[in-house]
Amino acid sequence: MSRSLVAALVLLAVPAAVVRAQVVDTARTDSLARDTTDFTGLFLKAQLEGRRTIPVSPRIGASNLLPLHSRLVVNRDSILWHNAETVGDLLTKVPGVFLFRGGWAGRPELPNYQARGATSVDYLLDGMPYLPIGQDSVMVDPSLFPVSLLDRMEVERLPGKLVVHLFTRRNDRNVPYSRIGIASGDLQIARYQGQLEKRSAKGFGFSAAFDHLSVPNYNVLSPTGDYSNTQGWIRLEYIPSSNFGAELRFLQSAPDRDPIVSLSAPTDTLSEARKGSRHDYAARIHWNRQKAGLGPRFDVLLNRTAWTDRIERDSSLVLTDSLDDNGNVAKTDTTYSIGDHHRTVNQAGVLWGYRLPAASLDGSLFYQSTWTPLDLRARGGVAPNRWFTANFEAVYRKHQEGRASKWVTARAGVALPLGFSLSGVWRRGSEVARPALLLDSAQTLDDRSLAAGWHTNPLQVEATYSWNAGYRPTGYSQYSVMGTPSGSGRTEWVTLNARLAPLQWVTLDGWYSTPQGRRPEGQPPTHSVINGTIQSKFLPTFPSGVFNFKLQLSMESWSSGVVGRDANDAPVSLKGATFLRSYLGLQLGAFTAYYDRYNVQGTRLEAVPGLQIPRFASTFGVRWEFQN
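In my numbering, the protein residues as written are 5 to 632.
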């Protein structure tokens, strides 16, 4: 083939290839189906679901008619938006409560109300009595219960007695809810929190939460003193309507508290160890025919509390002279024998009530497998008009060893013109304050109080005068260095409580308590708490209200007094002290950050002899809440 022919063929092939390369591609650039998701519609639907409420279990004990000055309510905003790490911190808001705080976080926090000791406070968790159990089965340590699980706290005040109702959070929305929290602080303190809730419009619901707190030893004078506690909470519920529901609850707690031992002569244990695990299993069925909270209701409660010790033969945690011949801890806790390191208490209760617009009537019957086999109560209240309210309560409790508690409480209050109010309480009968101590006998009750108040827009003032019968308080086994207070005769108490809000964003509040005449042992004779708060949402800048700012300075002060007597009947004195505590909080929507500083002025004094509160100690953390 000639060269000219080859050249001609090449020239013909090149244009053909170019033409083939220039053929238009008719395939679609994106072969996937068109996205038809309406994100705006989904967002609006989520907003609507978040506002739609569904039935929840009614609170037990929150529907009783009580006169003015009878109840203190702390809602969830105050719990989360307050300088409170524990339930003990919340109790300091109650006028007349002195909190024996053994140093910093992680130590027992034992309240004392009007020199009646820690047994002067009773606790109910969602209507079920929360009993002490473990190495000390006499009194509840409120520092062991995490405030992150609480939705509300109500405190009924009586002369010489407090009844604390703790309510866990109830999710009334048809969208998931979650919450996480991370906190730290000085001395490598750490706290982690988490919560997840989901409810269905058909009635099924699920809640789970955990709270972990770790506090290393802060006392350089003691070789031990670490504390940690991991707590878990699970609730399964079925509430198909507002008239019926059932739920199962589980609460787990595992306190691991080392003792604090003084190295100086004579060697002594300042704070006892507490190591073990507690499990509370609870069930509830409720039925009612109430509308707008009015009508009949009926509840059945079951509870099983189990405690297992983990301190039996750990000689590194206790002093040598506190061990028996077999190497076990010689100290027994009430009805349980030495060496018995597993305890259980079963409870069953029936509650009923009827509520009218101007009257309420309710009662309860509880059985316990130990200490108090029978607990029967009846209560009623009337409020015929907005000026007058009256309430009565009758209690009969049968204890082991043939003992019994029985008393009647009468309350009445009247609202007067110009914002004035007046109320009175009389509690009479007998009470076994420590049923777990089989040798403890009933003490006579004849306690009376009179309260007067004046409520105006910027100022609220309340004054209470109490006459309490003689009483024999118990000692604090967690703080054996405090000894046991001597019994007192009739005691009169004066308590002043005031709140002043000169501006919408500035608040001053506080209280003062002191006995008159005879001064009983067990707590300082004079005690006061004052709070100064600046809080604003800066609405001109953030009109939606998503921003919140809080700055608070608290001052707690008490005088010198005798808190108990040692084994030689010598008085154990507590020096007077003043402590400052500051709190800074910032909230932006569902996000919250806070900084809490203890002992701002750096004093070396203490609330429990020998256990100083660390100087300039602080905690700080962040929390997030998510809905849907």
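Beta carbons: idealized from backbone N, C-alpha and C, even for Gly. Note that this is a predicted model, so its numbers are computed, not measured.
If we ignore side chains and look at the alpha-carbon of each, how far apart do residue i and residue j end up?
i      : j      : result
Trp108 : Tyr222 : 8 Å
Ser61  : Ser67  : 13 Å
Arg627 : Arg347 : 36 Å
Ser245 : Ile58  : 8 Å
Gly589 : Thr312 : 39 Å
Leu507 : Pro544 : 16 Å
Gln520 : Arg438 : 27 Å
Gln591 : Arg173 : 20 Å
Gly280 : Ile184 : 26 Å
Asp272 : Ile243 : 54 Å
Asn552 : Leu95  : 25 Å
Ser548 : Ala187 : 28 Å
Arg177 : Lys206 : 12 Å
Val604 : Phe254 : 39 Å
Val101 : Asn116 : 6 Å
Ser445 : Asp260 : 33 Å
Gln556 : Gly433 : 42 Å
Pro618 : Tyr358 : 51 Å
Leu388 : Pro163 : It is Pro, not Leu, that sits at residue 388 in the sequence shown. Approximately 26 Å between the Cα atoms of the pair.
Arg239 : Ala213 : 9 Å
Glu158 : Val78  : 6 Å
Tyr587 : Arg601 : 6 Å
Asp570 : Pro529 : 19 Å
Ala352 : Gln372 : 7 Å
Glu560 : Thr518 : 14 Å
His633 : Pro377 : Absent from the model: residue 633. The displayed extent of the chain is 5 to 632, so no value can be given.
Would DSSP call residue i helix, strand or coil?
i      : result
Gln482 : helix
Gly423 : helix
Asn82  : Residue identity differs from the one stated: residue 82 is Ser in this sequence, not Asn. Helix.
Asp190 : helix
Ser577 : strand
Val349 : strand
Gly140 : As written in the sequence, residue 140 is Asp, which differs from the Gly given in the question. Three-state DSSP puts Asp140 in coil, outside helix and strand.
Leu323 : With a pLDDT of 35 at Leu323, under the threshold of 50, the predicted position of this residue should be treated as unreliable, and no value is reported.
Thr44  : helix
Arg203 : strand
Asp126 : strand
Val91  : helix
Arg195 : strand
Phe624 : strand
Leu615 : strand
Arg261 : strand
Arg55  : helix
Glu496 : strand
Ser563 : coil
Asp513 : strand
Gln235 : strand
Tyr117 : strand
Gln26  : Because Gln26 sits at a pLDDT of 43, beneath the cut-off of 50, its placement in the model cannot be relied upon, and the point is left open.
Tyr134 : coil
Tyr602 : coil
Phe630 : strand
Is there a Cβ of chain B sitting closer than 7 Å to that of residue i, yes or no?
i      : result
Leu449 : As a matter of chain content, chain B is missing from the structure shown, which is built from one protein chain.
Run through the DSSP bridge pairs and tell me what residue i is partnered with.
i      : result
Ile289 : Ala250 and Val304
Ser226 : Ser226 pairs with nothing; no bridge assigned.
Ala382 : Gly367 and Ala398
Ser211 : Glu201 and Arg239
Leu360 : Ala363
Asn68  : Answer is none; Asn68 lacks a bridge partner.
- Query: Are there three or more Cβ pairs, one per stretch, closer than 8 Å when the stretch 300-318 is compared with the stretch 144-160?
  - Reply: no
- Tell me the start and end of each unbroken beta strand (DSSP E) in the stretch 146-188 that is at least 3 residues and wholly inside, in chain order. 154-162 and 165-172
- Message: As an exercise, report each continuous beta strand (DSSP E) stretch of at least 3 residues that is fully enclosed by the stretch 388-439, in chain order.
- Response: 392-402, 408-419 and 424-435
- Does the stretch 509-518 come close enough to the stretch 532-543 to have 3 or more Cβ pairs within less than 8 Å? yes
- Query: Do the stretch 347-364 and the stretch 64-83 touch if we need at least three Cβ pairs shorter than 8 Å?
  - Reply: yes
- Message: Check whether the stretch 228-238 and the stretch 210-220 touch, using three or more Cβ-Cβ pairs below 8 Å as the test.
- Response: yes
- Whole runs of the beta strand (DSSP E) within the stretch 441-477, excluding any shorter than 3 residues: 447-459 and 463-472
- Task: Would you check if there are 3 or more beta carbon pairs closer than 8 Å linking the stretch 609-627 to the stretch 484-494?
- Result: yes
- Could you tell me whether the stretch 71-87 touches the stretch 456-469, using the rule of 3 or more Cβ pairs below 8 Å? yes
- Message: I want to know whether the stretch 421-435 touches the stretch 76-85 - three or more CB-CB distances under 8 Å.
- Response: no
- Query: Between the stretch 287-299 and the stretch 490-503, do three or more beta carbon pairs fall short of 8 Å?
  - Reply: no
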